[in-house]
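*Asks:* Sharing a structure with you now.
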Amino acid sequence: SYGREFSETLRGSRGELETDDVTSGVADLVDRGWADPDRLFLTGFSYGGITSAHVVTRDGRFAAAAPEHGIYDFYSNFGTDDNHLWHAEEFGLPWEDADTYREISSITDVGEVETPLLVTAGEQDWRCPPTQAEQLYVSVRKQGIPAKLVVYQDEHHDVGDPERAIHRLEALLDWFERHDPMTESDDNGVES
Numbered sequence: 003s004y005g006r007e008f009s010e011t012l013r014g015s016r017g018e019l020e021t022d023d024v025t026s027g028v029a030d031l032v033d034r035g036w037a038d039p040d041r042l043f044l045t046g047f048s049y050g051g052i053t054s055a056h057v058v059t060r061d062g063r064f065a066a067a068a069p070e071h072g073i074y075d076f077y078s079n080f081g082t083d084d085n086h087l088w089h090a091e092e093f094g095l096p097w098e099d100a101d102t103y104r105e106i107s108s109i110t111d112v113g114e115v116e117t118p119l120l121v122t123a124g125e126q127d128w129r130c131p132p133t134q135a136e137q138l139y140v141s142v143r144k145q146g147i148p149a150k151l152v153v154y155q156d157e158h159h160d161v162g163d164p165e166r167a168i169h170r171l172e173a174l175l176d177w178f179e180r181h182d183p184m185t186e187s188d189d190n191g192v193e194s
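Here the working numbering runs 2 ahead of the position in the sequence shown, where the first position is 1.
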């Protein structure tokens with residue numbers, strides 16, 4: 003953690019402020035020669051999934067990304083997860099401040115996504131319901147962006163079953179290898 007001051011700076015944010023930290027950090031790694039600008043990949047789980055979705059709406063430098071178990075439309079999500087009291091306290095009610103709910107939702111800018119996405123969710127996730135993953139997946143597919151949706155049956159906010167946990171890691175690796183410019187196959191990753 004970066005301390006209380008940093009945490010307080012993020013109050014009222016849901017990933018959109020952290021986007022600047024991620025993109026500037028990646029730019030610094032590229033500038034130092036520590037990362038290949040043609041082989042950048044992005045993933046995040048839960049709040050990291052929220053943030054990674056914001057990143058790809060604003061930055062097209064990644065070869066592929068995998069937002070996992072996130073919330074992408076806070077307005078439509080309100081009342082369907084176990085965080086709605088927290089969201090109401092921090093942002094108010096969506097029908098009273100729709101602009102804020104749009105601002106904190108990456109789905110608002112999904113038309114800017116150019117990055118192939120692997121989107122994952124747990125079928126029984128009460129924190130980040132699978133309908134959020136479905137919404138992000140359908141939105142990028144409607145634009146012709148390569149995308150794959152994986153919903154883990156009988157899983158909640160984590161992927162606890164060992165076989166499914168292994169599958170998740172293999173799916174991430176496969177997605178990134180499939181979209182690696184150095185090893186990219188003829189398969190563009192679009193799932194039907």
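All residues carry an ideal CB built from backbone N, CA and C; glycine is no exception.
Please specify which runs of the beta strand (DSSP E), each continuous and at least 3 residues long, are wholly inside the region 3 to 81, giving them in chain order.
*Replies:* If we require 3 residues or more, the beta strand (DSSP E) runs fully inside the region 3 to 81 come out as 43 to 47, 66 to 70.
*Asks:* For Trp102, I'd like the list of residues in its chain whose CB is within less than 6 angstroms of its CB, leaving aside the five on either flank, ordered along the chain.
*Replies:* For this step, residue 102 is matched to residue 100 along the sequence shown. Here residue 102 turns out to be Thr, not Trp, going by the sequence shown. Closer than 6 angstroms at Cβ, skipping near neighbours: Phe93.
*Asks:* Considering only the beta carbon of each residue, do Pro183 and Asp61 sit closer than 9 angstroms?
*Replies:* Numbered from its first residue, the sequence shown carries residue 183 at position 181. Numbered from its first residue, the sequence shown carries residue 61 at position 59. No, these two residues do not count as a Cβ contact at 9 angstroms.
*Asks:* Pull up the distance between the alpha-carbon of Thr110 and that of Arg104, whole angstroms please.
*Replies:* Within the sequence shown, the letter at position 108 stands for residue 110. Within the sequence shown, the letter at position 102 stands for residue 104. Looking at the two C-alpha atoms, the distance is approximately 6 angstroms.
*Asks:* Measure the Cβ-Cβ separation of Ala149 and Val121 and say whether it is below 9 angstroms.
*Replies:* The count along the sequence shown starts at 1 and reaches residue 149 at position 147. The count along the sequence shown starts at 1 and reaches residue 121 at position 119. A contact, by the Cβ cut-off of 9 angstroms.
*Asks:* Quick one: is Asp22 buried, meaning 16 or more other Cβ sit within 10 Å of its Cβ, or exposed?
*Replies:* On the sequence shown, residue 22 is found 20 positions in, with the first residue counted as 1. Exposed is the call here.
*Asks:* Check the C-beta distance from Val161 over to Gly124 and give it rounded, since I have them as a contact under 8 angstroms.
*Replies:* The residue labelled residue 161 in the question sits at position 159 within the sequence shown. The residue labelled residue 124 in the question sits at position 122 within the sequence shown. Their Cβ separation, rounded to whole angstroms, is 7 angstroms, which keeps Val161 and Gly124 in contact under 8 angstroms.
*Asks:* Work out the CA separation of Asp83 and Pro131 for me, nearest whole Å.
*Replies:* Counted from its first residue, the sequence shown places residue 131 at position 129. Counted from its first residue, the sequence shown places residue 83 at position 81. Those two C-alpha atoms are separated by around 7 angstroms.
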